[in-house]
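Working notes for the structure below.
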């Protein structure tokens, strides 16, 4: 594969080609699935089964994308596998009562914001959302309420061992502008798309914020306090009640 598709890469050491795939059958009968390929431990290319297109994660993958999209059979077969073959396997295990599989209900994300001081002119903000289900989530940084135009490092949504998902995104900022930034999360619950929520990045004292990740009839609140940690890091923790 490397020789054919990545001929500009000298084979002078061990290289790895990885695949991460899965499917899900939701309570409303809708289906989901994902297919990602990695190269040397980094995201390489992924499949969009709705558009039958391949999405590159790095420039080296462009040649692979062009070759795979030139032959539509590869995309069609991948879609059939995710929506039919994989689902059939999943239903077989569910019907057999496999104790290792658990039917998940919709779970809202738990959010956390951390910051790390690089120097007096640079800070790195990291927003984490974890423990949510289903997989689809919108997570972005905003500046003064608008989608941030700064370069954002976003990691792909990844599965936890319990069937829920997590994602994190980081951004580099000027420390003087930290109060302008918010981490914006939007997640789909059992009643459709729920109201959005923004995690405040900084407060000097106890902060009470409003959560509405659940159903429209249930509006829990949370409190967040900034905790100082070693190595010039701070974490904002959230407790819902």
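Residue numbers (the UniProt record's numbering): 1 to 241.
Even for Gly, the Cβ is constructed at its ideal location relative to N, Cα and C.
Note that the coordinates shown come from a computational prediction; the quantities given were computed from them, not determined experimentally.
- When we look at the beta-carbon of residue 182 and count the other beta-carbons within 10 Å, is it buried (16 or more) or exposed? buried
- Task: Could you tell me if residue 139 is buried or exposed, where buried requires 16 or more neighbouring beta carbons within 10 angstroms of its beta carbon?
- Result: buried
- Thinking C-alpha only, which one of 164, 177, 168 is nearest residue 26? 164
- Query: Expressed to the nearest angstrom, what Euclidean distance is found between the alpha-carbon atoms of residue 51 and residue 40?
  - Reply: 27 Å
- So what does DSSP say about residue 72, is it helix, strand or coil? helix
- Message: Using a 10 Å radius around the Cβ and a threshold of 16 neighbouring Cβ atoms, would you call residue 42 buried or exposed?
- Response: exposed
- Query: Going by the beta-carbon positions, is the gap between residue 47 and residue 78 smaller than 8 Å?
  - Reply: Going by C-beta atoms, residue 47 is nearer than 8 Å to residue 78.
- Task: Determine the DSSP secondary structure at residue 159, reduced to helix, strand or coil.
- Result: strand
- Message: Per the DSSP calculation, residue 89 is bridged to which residue(s)?
- Response: Bridge partners of residue 89: none, in fact.
- Message: On the DSSP bridge list, what partners appear for residue 243?
- Response: One cannot answer for residue 243 here, as it falls past the ends of the chain, which runs 1 to 241.
- Item | DSSP three-state assignment for residue 204, whether helix, strand or coil | Interpretation of residue 204 is limited by its pLDDT of 27, a score under 50 that renders its predicted location unreliable; no figure is taken from the coordinates.
- Give a yes or no on contact between the region 164-174 and the region 86-97, applying the rule of three or more CB pairs nearer than 8 Å. no
- Query: Is the region 81-90 touching the region 65-73 in the sense that three or more CB pairs, one from each, lie closer than 8 Å?
  - Reply: no
- Item | Rounded distance between the beta-carbons of residue 120 and residue 178, thought under 8 Å | Not confirmed; about 13 Å, so no contact.
- Task: Please go through the same chain and pick out, in chain order, the residues whose beta-carbon is closer than 8 Å to the beta-carbon of residue 232, but skip the five residues on each side of it.
- Result: Low per-residue confidence applies at residue 232: pLDDT is 32, beneath 50, and the placement is therefore not dependable enough to give any value.
- Item | Continuous beta strand (DSSP E) stretch holding residue 116: start and end | 110-119
- Query: What did DSSP end up calling residue 123 once you bin it into helix, strand or coil?
  - Reply: strand
- Item | Same chain, Cβ closer than 6 Å to residue 136, five either side skipped, listed in chain order | 188
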